[in-house]
Amino acid sequence: MKRPADYFDSFTTTDDALVLAAASSPAEVQLLEDWLQAQRRDHPEVRVEVLQLPVVEDPPPAVLARLVSELEADQDRTVVPVRVFWVPGGLPTRSKVVSLISGRDTYRPPEMLQRRILRKDASRARVVAGEPAKVSELRQQWSDTTVAENPRDFAHFVLRRAALAIERVEYRLLGPEYKSPRLVKPEMLASARFRAGLEQIDGADLEKAGAMLDEMATGWSRVSIDLIPALSRAIFSRGFDPRIDYDREQVETMRRNLENHPAVMLWSHRSNLDNPVLTVALYENRLPPVSTFGGINMDFPPLGSLLRRSGVIFIRRNIGDNALYKYVLKEYIGYVVEKRFNLSWSIEGTRSRTGKMLPPKLGLLSYVADAYLAGRTDDLLLQPVSISFDQLHETAEYAEYARGGEKAAEGVSWLYNFIKAQGERNFGKIYVRFPEAVSMKQYLGPAHGPAAEDQAVKRLALQKMAFEVAWRILQVTPVNATGLVSALLLATRGVALTLDQLHHTLQDSLDYLHRKQTPMTNSALRLRTPEGVLAAVDALSSGHPVTRVDSGREPVWSIAPQHEHQAAFYRNTLIHAFLETSIVELALAYAKRSDGDHLAAFWSQAMRLRDLLKFDFYFADSAAFRDHVAEEMSWHADWEEHVSAGGEEVDRLLRAKRPLIAAAMLRPFFEAYEIAADVLRDAPAEIAEKDLTKLALGLGQQYVAQNRVRSTESVSALLFATARQVAADQDLLSPAENLDRRREAFHIELCGILDDMDSVEQLARSQFGEREAQRRSRQDG
């Protein structure tokens, strides 16, 4: 980077320069005067006019009038913006928050302290100059990009360009983590492009559009860039290890990518801590901050004001047919992308209350795609972000939702209770992963190409992109001990296990994950030892969902029925790692009982199960899925011959398989589908989601009491919502010929899948019994 004085060398070809000098205090004015004297001494051939500006967006009328006059004087005159840059420094304290609040470690110290600071350390302040530009060049830019109405508008345009030029210099001095969009509203409202679009909307005007921009307004101040990560870390460090777990190679790859293209960071959403965690992750890795979209329901004092200063763009949840709002939001996104700033939101659109990833939402992604297709950037990266936790206090809240409870309204008391809950106990570690980014250009083709003209082409490409992002998130999300232990104890249906039983039963799952090269946390790897298992179950039994009983000869651990929903959340976070092998088990059980071609039955059922589960889980495309299933089976020699033989040969394959885990992973989902299908047997042809959920909750509670379903977690409003999607996909929710018969057939099919699951589970219990007998024999021997 050039030293500030060197900027004068770049316009010595002209004999006329207009310096726009911004200063907010006598100390800064003196620094600017000293700098100008040095420039005049070094460049006597240049005539330098100086216009002193206050450090505000709108200068007084007299200053603006003089600027208009200076700009009209000579089109070849060079405009140079300069400002005093204060080098951060201050109190030697470990708490950044204390330093900031004290006023002695800010980016523009209080006026009363500035001279004292400079007497102690003159290097704390320096004059920086932005890239110079000729008046004629600025006027051409103004004419090309704005409505170019009058000289005062041109003067405002020049001031905005001067401020942005200075910002670019300063964030390069500070580091990329301080890069943040500025002056978005005035730039957009002055834009000819923006105003032309407004004219196409009935009833739209600049005032209404400006009010909407105020509602969305956000921005990172330099103080907030330091303060918000410090506050965020202070909140989650109450219950979590303050050191976030990263894959350093992924971080460096992402850093290089962000230097070349703007990005949208799309993250998995399990907790209200997700955005604060991402904020800290970017800041401590010296990566550019992101502007994050959030629901306007979170815009309440004092949280709303704080979030606005930390890059949160508040948007309305339901905008319906509000064409103006949609247009303003779309143009806001386009402007940010064009200026190469980064955006961020949850790809799922809302928190997952079940632990597994939800289907992606395409609304905001469509607006970003429109910006790319309009040529506002040469490419845009969709950066997947996996954020996962050992434990969460929010699982108790999610369990209430599952039982049909209502979502609590956000407010001051909600915020207080949320922060308080972080300190109730140790929740373990936080893991952040940044897998390979997805190129929008690769999926959408060139700007102004087919996807820009054909909405169907664009939507299909968006769906593929979104699913690829979600798939990459799942592939890098590490399996943790909490999920593995929860899955095992849920499978026992309330029966407590000893430490030895837990340890030896977990080994098959660990072997499988190792063979598949699935990412695992250190806590999961420590499950290889009894000490690691003890640490995991004790961490879960310090609150819920695990119960420890110490009154006998040795401690035992179990999950009580009332805590199954909480444990299910943790189990669901890792189902993706066992999904294909679980489907293999159920397809083998189906092939064993089928007539005719057993191998064809195996493949047919595997694809059918994939189709039924597609609303709950992410899958590779059909061809890749078949390859994955074949790879699973390739661990058994001559597997196709054994499956084709059917009967005992298939049974032998299942007995040899480790682990047998379909029931532990998938039973709640198929039981929820079966309950919903049972409700539909005598329900009207058209039934609202709320009514179906209410009836299914009631019937499910009856089935739990009768032991007709294995666990209370199957009776879940959250699972019934997906069950309704499955039924709709089977065309069972609208009047049609033979509807009752097809609903009955669907119910029978689901009962058959559950029977197959029972068969697999019985074999799994036999495996457990055999290992128990071997363990006891070794102990006795």
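In terms of the UniProt record's numbering, the sequence shown has 309 at position 309, counting the first letter as 1, and numbering is strictly consecutive.
Just so it is clear, CB atoms sit at the ideal spot from N, CA and C, and this is done for glycine as well.
Close Cβ partners of residue i (< 8 Å) along its chain, the five nearest in sequence each way excluded
i	result
P530	L499, D500 and H503
Y372	V337, D379, L380, M440, K441, L444 and A447
L739	A685 and L732
A408	E397 and W414
Close beta carbons around residue i, own chain, < 6 Å, minus the five adjacent residues each side
i	result
T395	Q566 and F569
E761	A663
T581	E632
T354	N572 and L718
E348	H269 and L358
A683	none
E111	S25
Q383	A263, M265 and A437
H564	It should be pointed out that residue 564 corresponds to Glu in this sequence rather than to His. Excluding positions up to five away in sequence, the list reads S711, T712 and E713.
G103	Residue confidence is low: G103 scores 44 on pLDDT, short of 50, so the model does not pin down where it sits. Its coordinate-derived value is still stated next. Taken in chain order, the residues that qualify are P110.
S542	R425
Paired residues, beta bridge with residue i - DSSP
i	result
K134	T78
residue 823	Residue 823 falls outside the range modelled here, since the chain spans only 1 to 781, and no answer is possible.
R47	D16
R126	F85
Q383	M265
G294	F314
G428	F240
L53	A22
residue 788	Coverage of the chain is limited to positions 1 through 781, which leaves residue 788 absent and any answer about it impossible.
R548	W557
S439	L381
T146	S191
Residue from the options with nearest C-alpha to residue i
i	options	result
T377	F341, L51 and V643	F341
P360	E689, V643 and T350	T350
P181	M440, R238, E252 and A217	A217
V726	L692, D15 and N707	L692
A721	R741, T712 and A696	A696
R742	A685, R776 and V709	A685
E772	Q730, D755, N522 and L497	L497
V556	V495, M607 and N522	V495
A587	A672, R193 and D756	D756
L732	A688, F768 and Q774	A688
R152	P61, P301 and S734	P61
L489	H544, Y367 and A456	H544
R195	F314, A162 and T146	T146
E170	A745, V184, E641 and R126	R126
V704	R493, S224, R222 and Q140	R493
W345	G375, A536, V277 and Q605	V277
Under the three-state DSSP convention, the category residue i falls into
i	result
D15	coil
V709	coil
L763	helix
V556	strand
T722	helix
S734	coil
E772	helix
L100	Unreliable placement is indicated for L100, whose pLDDT of 47 sits below 50; the coordinate value is still reported in the next sentence. Helix, per DSSP.
W635	coil
T498	strand
P229	helix
L695	helix
L343	strand
F669	helix
S604	helix
F389	strand
Proximity test, Cβ basis, 8 Å: residue i and chain D
i	result
K356	Among the chains of the structure shown, chain D does not appear; only one protein chain is present.
Own chain, CB closer than 7 Å to residue i, minus 5 neighbours either side, in chain order
i	result
residue 791	Here the chain has residues from 1 to 781 only, and residue 791 is not among them.
G423	R238 and G239
S766	none
A672	S714, S716, L719, F720 and A723
S191	T145 and T146
Q: Examine the Cβ distances between the region 259–269 and the region 327–346 and report whether three or more of them are shorter than 8 Å.
A: yes
Q. Any chance the region 195–203 sits against the region 107–116, with 3 or more Cβ pairs inside 8 Å?
A. no
Q.
With a threshold of 8 Å, are at least 3 pairs of Cβ atoms found where one atom belongs to the region 222–242 and the other to the region 414–433?
A. Flag = yes, the region 222–242 and the region 414–433 touch.
Q. Are the region 598–614 and the region 638–654 touching, with three or more C-beta to C-beta distances below 8 Å?
A. yes
Q) Is the region 69–83 in contact with the region 14–21, if contact means three or more CB pairs nearer than 8 Å? A) yes
Q) So, do the region 455–468 and the region 509–528 have three or more beta carbon pairs nearer to each other than 8 Å? A) no
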